[in-house]
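Novice:
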Amino acid sequence: MRVAVDGIDVEVADGATVLDAAGAAGRWVPTLCFDERQAPFGACRACLVGVEGSAAPLPACTTPCRDGMAVATEDPAARRVATAVVELVLSELPEPPASHTELAQVADRLGVGEPRWPGEVHPKVEADTRHPYLAFRHELCISCGRCVRACDELQGTFALTATGRGFGANVAAGLDEGFRASACVSCGACADTCPTDAITEVSLLP
Amino acid sequence: MTTTCGYCGVGCRLETHVHDGRIASITPAMDGPANLGHTCLKGRFAHQFSRNRERLATPLIRDARGEAPRPATWDEAMERIVAELTRIRSAHGPNAIAGLASSRATNEDCYAMQRLMRAAIGTNNIDNCSRVCHSPTSYALRKALGLSGATGSFSDFDHADATILIGANPTEGHPVVGARIKQATLRGMKLVTIDPRRIELADYGVLHLSPRPGSNAAVMLGIAHVIERDGFVNRAFVDARTEGFDALLELLPSYAPDAVEAISGVPAEGIEEAARIYAEAANACFSWGLGVTEHKYGSEVVQLVCDVALMTGKIGRPGSALLPLRGQNNVQGSSDMGALPDTYTAYRSVEDEDVARSFEDAWGVPLSRRKGYTIPQMFDAAVAGDLRAMYIFGEDVAQTDPNTAHVVHALESLDFLVCQDIFETETTKHADVILPASSFLEKSGTFTNAERRVQLVAPAIDPPGEARTDFEIIKAVSRALGHELGWETPADAMDEIAALTPDWAGISHERLGRRGLQWPVAPDGTDAPILYERSFTRKGGRAHFAALPYKEPGDAADDEFPLILVTGRRLQHYNAGTMTRRTGNVELMDADLLEIHPDDAARLWIADGDRISVRSRVGRIELPAQVTERIEPGHVFTTFHFPETRTNLLVGASADVNTSCPEYKVVAVDVRPIGEEPAKVPALAGGA
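Read top to bottom, the protein sequences are chains A and B. Just so you know, my numbering puts the end of the first sequence at 206, numbered straight through with nothing missing. Just so you know, my numbering puts the end of the second sequence at 1688, numbered straight through with nothing missing.
Have a look at this one:
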């Protein structure tokens, strides 16, 4: 079927998402909870785009394409919400994310600087380095769920769990016993997908 | 820099990230066809060995046996090698010298090594470590189907409705394929696991069978029996594309499920169910590992696996494939390259006049038409005094080959031993000259994975100190022996391989790109993800059924040795552990353990963690016990990752009848507790 993204016509397969179509058209859409190795999740709302005929912006990663659809990746309403989402995420962190992280790159590209909403931030805690290779830096977790899904959908070990709720939402290995004591097989898929370094390699800790 | 992983045969594509001349991090390549953006802890994390202070960084020479080796210059080492090899060749002939190529090294390294032995020395005494793992697979696939390789690709697991996995533990030995199989089961693929251990994937399958070690042939014949009895034979396929089916039919009446249960211990209904799951699936795969091959009749079992696939026509299309899980990163390629005593590249016989002439023309020297020694024959010949010198490259035979006492005796009987490696090993302890070589992170070339996919290897860092790449070392040794290999780079060597090997005709480094090519590759670059879509690569284009009865394994439990030992690999370590023991992986696992079932442990008064003695007909070792229900009663399991354990002291000389692949998987042993602590009371009467 044919889809127009920012006026660029692209041919996509049945079942393709709006994010796939944008990729085919070479148009950038910000994402935080998306990883091409995982099923779309639609949690972060950073990938909102305008779709002709839709009253509100739609998440590109979970919206399937329709033949003849017209998508605007820089729709002002969509971009305003997406930018606010990223700014809110940043406002909870005790320090700006490292420049190599996906979160920092998305924020930079959207022009999000110092968050306008000072307030409570995640308290800095000592990095959990009980495993020889994998470290948790819990204060950097933005609850995107990518690590949990990497463990489930790529590796199939189901060692990671989303814990807590609201501001206290985070991630844990097993029953929060650390990677080593959990069912973890040390494949590192979680560190590879993490967009903030909340899970990273021990040898790469600052 | 994108490269190909140097651990197992999955062939994950990796991105290496370097800082200050060291590997800082390794991440998966998103477009790797075998790994699809994933890796395991070995490929991703176990790279610190590359800068370990024990790395060999200068040539070493031992002036007299029993002395410690001393650092030497490359010139001195080369002079010594040339002087000794020349002296031994003139005194005893070229066949008194043998070489081993490495399944850890690149195709170009292995090709260079076999050319060195054949052209510079003048002997076919060249072999590689696939001898001790998948040589039975290679032999059987060639006999049954034509080509020595998987008939499809790992992506076939994604298209299969069912898979029978036999004698393999991929979530530990081949973790990325293990994860892929697991994901396929979560999407609905029916998995049947056949293994004496209840492997992790058994929990994801629909059926697990635990045959007695050495009875795989009976299980396969039982499955074939049920398929035939219940009318699942694909007659059209059998008639059009195969030969020899009638001989198999004559054999099958003896293998009714009840009879197979008596031989293998697998319940008759398990055989029935496995056969139905496989036969009823529209598409189904077979996958196997060393639990099939490392047996006295391993090569026959692989032929029987082919029989089952052929009688149902499940071969040569997406989702229906035979997928052997090759152990090492380049175990496919080292054999493809002709680092074998009986074949040139692509398994063409050294006795084939036309083939031999083509190599003589290219290399400008006369070549022997006589088959050389296999690895076990090399050791026998060394003890007998017929073999005087060996050049062993990238293999620790004194730790990994069976019958360790015999191997050491052989190495000590040699007049001269050259080892080329990245660390000192059990084998280098007996070497006269030790050459410092390179790991996969420091070299360029290609590896061929278990899907026959030839993929590029690119250096991320430099070899330490004076160490050189294997390719440069072999070139230099050959030149010093008077035979110039004439290549500047590994890419030049690949061009020669392509020119002399029809199945590799279309391969060049430039053409391989990021995704590699699966041989056979036509001159125009068309590769072959699926083999045998229309015909088989045998005379007449037909596949061959093997009619092979079950025969008893080389070793069996008796009163003196009542338990059967199976050996294998664990997730955290890799074979001899030369690399992984020098990484953080030892924090995750720091010793070999003997798995034993709680019933056996209670009977023998063994508790979890106890140090125990394991004695076989040929040797004895000590190690800690791990009491677990993963293993069946009557069996024990351990690994061979730590040299202090020396597991292979226990393994005898029994080997595959066709390929001399050792029978690592069936060793009768006696297990008992040791130590001065008073024996503990076994779990109070109720637990027994």
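The beta-carbon is built from N, C-alpha and C at its ideal position, and this holds for glycine as well.
#1: Three-state secondary structure (DSSP) at ILE1473 (chain B)?
#2: Using a Cβ-Cβ distance cut-off of 8 Å, determine whether GLN155 (chain A) contacts chain B.
#3: Between B:LEU1141, B:THR1002 and B:LEU1571, which lies nearest to LEU1531 (chain B) when the distance is taken from Cα to Cα?
#4: For the segment 1540-1550 of chain B and the segment 1298-1309 of chain B, state whether three or more C-beta atom pairs, one from each stretch, are separated by less than 8 Å.
#5: Start and end of the beta strand (DSSP E) containing LEU1322 (chain B)?
#6: Using three-state DSSP, classify GLY1577 (chain B) as helix, strand or coil.
#7: Measure the C-alpha to C-alpha separation of GLU1663 (chain B) and PRO1402 (chain B) and round it to an integer number of angstroms.
#8: Report yes or no: do three or more beta-carbon pairs, one from the segment 1099-1109 of chain B and one from the segment 1462-1476 of chain B, lie closer than 8 Å?
#9: VAL1454 (chain B): which of B:HIS1509, B:ARG1055 and B:VAL1383 sits nearest, CA to CA?
#10: Can you grab the Cα-Cα spacing for the pair LEU1512 (chain B) / PRO1520 (chain B), in whole Å?
#11: Is the segment 1089-1106 of chain B close to the segment 1387-1395 of chain B, with three or more CB pairs under 8 Å?
#12: Shortest alpha-carbon distance to THR101 (chain A) belongs to which of A:ILE199, A:SER203, A:GLY23 and A:ARG2?
#13: If CYS1012 (chain B) and THR1039 (chain B) are in contact, beta carbons under 8 Å, what's the gap, nearest whole angstrom?
#14: Can you find a CB in chain A that lies within less than 8 Å of the CB of LEU1588 (chain B)?
#15: Give a yes or no on whether 8 Å exceeds the smallest Cβ distance from HIS1208 (chain B) to chain A.
#16: Distance, Cα to Cα, GLY1338 (chain B) vs ALA1247 (chain B)?
#17: Just to confirm the assignment, what range does the alpha helix (DSSP H) spanning GLU1360 (chain B) have?
#18: When you compare the CB of LEU204 (chain A) with every CB in chain B, is at least one pair closer than 8 Å?
#19: Can you tell which of B:VAL1176, B:ASP1156 and B:LEU1310 has its C-alpha closest to the C-alpha of ILE1223 (chain B)?
#20: Comparing alpha-carbon positions, which option in B:HIS1295, B:ARG1630, B:LEU1593 and B:HIS1597 lies nearest SER1613 (chain B)?
#21: Which residues, in order along the segment 186-204 of chain A, keep a beta-carbon less than 7 Å from a beta-carbon of chain B?
#22: With 8 Å as the threshold, decide whether the Cβ of PHE1642 (chain B) is near any Cβ in chain A.
#23: DSSP puts ILE1612 (chain B) in a beta bridge; with which residues?
#24: Mind pulling the chain A residues with CB within less than 7 Å of PHE1447 (chain B)?
#25: Give, in chain order, every unbroken run of the beta strand (DSSP E) that is at least 3 residues long and sits entirely within the segment 1516-1588 of chain B.
#26: Give a yes or no on whether 8 Å exceeds the smallest Cβ distance from PRO132 (chain A) to chain B.
#27: Shortest alpha-carbon distance to ASP6 (chain A) belongs to which of A:ALA189, A:PRO96, A:ALA98 and A:ALA25?
#28: For ASP1527 (chain B), which residues in the same chain have their Cβ closer than 6 Å to its Cβ, ignoring the five residues on either side in sequence?
#29: On the three-state DSSP scale, how would you describe LEU103 (chain A)?
#30: Between the Cα of ILE1422 (chain B) and those of B:TYR1278, B:ARG1051 and B:ARG1611, spot the shortest distance and give me the residue it belongs to.
#31: Evaluate contact between the segment 190-199 of chain A and the segment 1431-1438 of chain B, counting only Cβ atoms and requiring at least three cross-stretch pairs below 8 Å.
#32: Please list the segments of the alpha helix (DSSP H) lying wholly inside the segment 1375-1422 of chain B, counting only runs of 4 or more residues, in order along the chain.
#33: Report the three-state DSSP secondary structure of GLU177 (chain A) (helix, strand or coil).
#34: Jot down the residue ranges of each uninterrupted beta strand (DSSP E) in the segment 1253-1293 of chain B, minimum 3 residues, whole runs only, in chain order.
#35: Does the contact criterion of 3 or more C-beta pairs under 8 Å hold for the segment 1278-1285 of chain B versus the segment 1223-1233 of chain B?
#36: In or out: ALA1601 (chain B) buried (at least 16 other Cβ within 10 Å) or exposed?
Specialist: If we stick to the structure as given:
#1: It is helical.
#2: Judged by the 8 Å Cβ criterion, GLN155 (chain A) is in contact with chain B.
#3: The shortest C-alpha to C-alpha distance from LEU1531 (chain B) to any of B:LEU1141, B:THR1002 and B:LEU1571 is the one to B:LEU1141.
#4: Yes, since at least three Cβ pairs between the segment 1540-1550 of chain B and the segment 1298-1309 of chain B fall closer than 8 Å, the two stretches touch.
#5: 1322-1324 is the span of the beta strand (DSSP E), which, as asked, contains LEU1322 (chain B).
#6: In the structure shown, GLY1577 (chain B) sits in coil (DSSP, three-state: anything other than H, G, I, E or B).
#7: Straight through space, the alpha carbons of PRO1402 (chain B) and GLU1663 (chain B) are spaced by roughly 8 Å.
#8: Counting C-beta pairs closer than 8 Å gives three or more between the segment 1099-1109 of chain B and the segment 1462-1476 of chain B, which meets the contact rule.
#9: The candidate whose alpha carbon is nearest that of VAL1454 (chain B) is B:HIS1509.
#10: Taking the straight line joining both Cα atoms gives about 13 Å.
#11: Judged by Cβ distances under 8 Å, the segment 1089-1106 of chain B makes contact with the segment 1387-1395 of chain B, as three or more pairs qualify.
#12: Measuring from the Cα of THR101 (chain A), the nearest candidate turns out to be A:ILE199.
#13: The C-beta separation of CYS1012 (chain B) from THR1039 (chain B) comes to about 5 Å, placing the pair in contact by the 8 Å criterion.
#14: By this cut-off, LEU1588 (chain B) is an interface position.
#15: Taking 8 Å as the CB threshold, HIS1208 (chain B) stays off the interface with chain A.
#16: Cα to Cα, GLY1338 (chain B) sits roughly 33 Å from ALA1247 (chain B).
#17: In the DSSP annotation of this structure, the continuous segment of the alpha helix (DSSP H) that includes GLU1360 (chain B) starts and ends at 1353-1363.
#18: So yes, LEU204 (chain A) belongs to the interface.
#19: That would be B:LEU1310, whose Cα lies nearest to the Cα of ILE1223 (chain B).
#20: Nearest Cα to SER1613 (chain B) within the set B:HIS1295, B:ARG1630, B:LEU1593 and B:HIS1597: B:LEU1593.
#21: Correct list: SER186, CYS187, GLY188, ALA189, ASP192, GLU201 and LEU204.
#22: With 8 Å as the cut-off, PHE1642 (chain B) does not count as an interface residue toward chain A.
#23: According to DSSP, which records beta bridges pairwise, ILE1612 (chain B) is partnered with B:LEU1623 and B:PRO1673.
#24: Simply none; closest approach about 21 Å.
#25: As far as the segment 1516-1588 of chain B is concerned, its whole beta strand (DSSP E) runs of at least 3 residues are 1563-1568.
#26: Yes, because at least one Cβ of chain B sits closer than 8 Å to the Cβ of PRO132 (chain A).
#27: It is A:ALA25 whose Cα lies nearest to the Cα of ASP6 (chain A).
#28: Apart from the 5 residues on each side of it in sequence, ASP1527 (chain B) sits with its Cβ closer than 6 Å to the Cβ of LEU1517, GLN1518 and VAL1521 in its chain, given in chain order.
#29: LEU103 (chain A) falls in the helix class under three-state DSSP.
#30: Considering only B:TYR1278, B:ARG1051 and B:ARG1611, the residue with the shortest C-alpha distance to ILE1422 (chain B) is B:ARG1051.
#31: Contact annotation: the segment 190-199 of chain A does not touch the segment 1431-1438 of chain B, with fewer than three C-beta pairs closer than 8 Å.
#32: The qualifying runs are 1375-1384, 1397-1400 and 1404-1413.
#33: Judged by DSSP in its simplified three-state form, GLU177 (chain A) adopts coil rather than helix or strand.
#34: As far as the segment 1253-1293 of chain B is concerned, its whole beta strand (DSSP E) runs of at least 3 residues are 1284-1288.
#35: These segments touch.
#36: ALA1601 (chain B) is classed as buried because its beta carbon has at least 16 other beta carbons within 10 Å across all chains shown.
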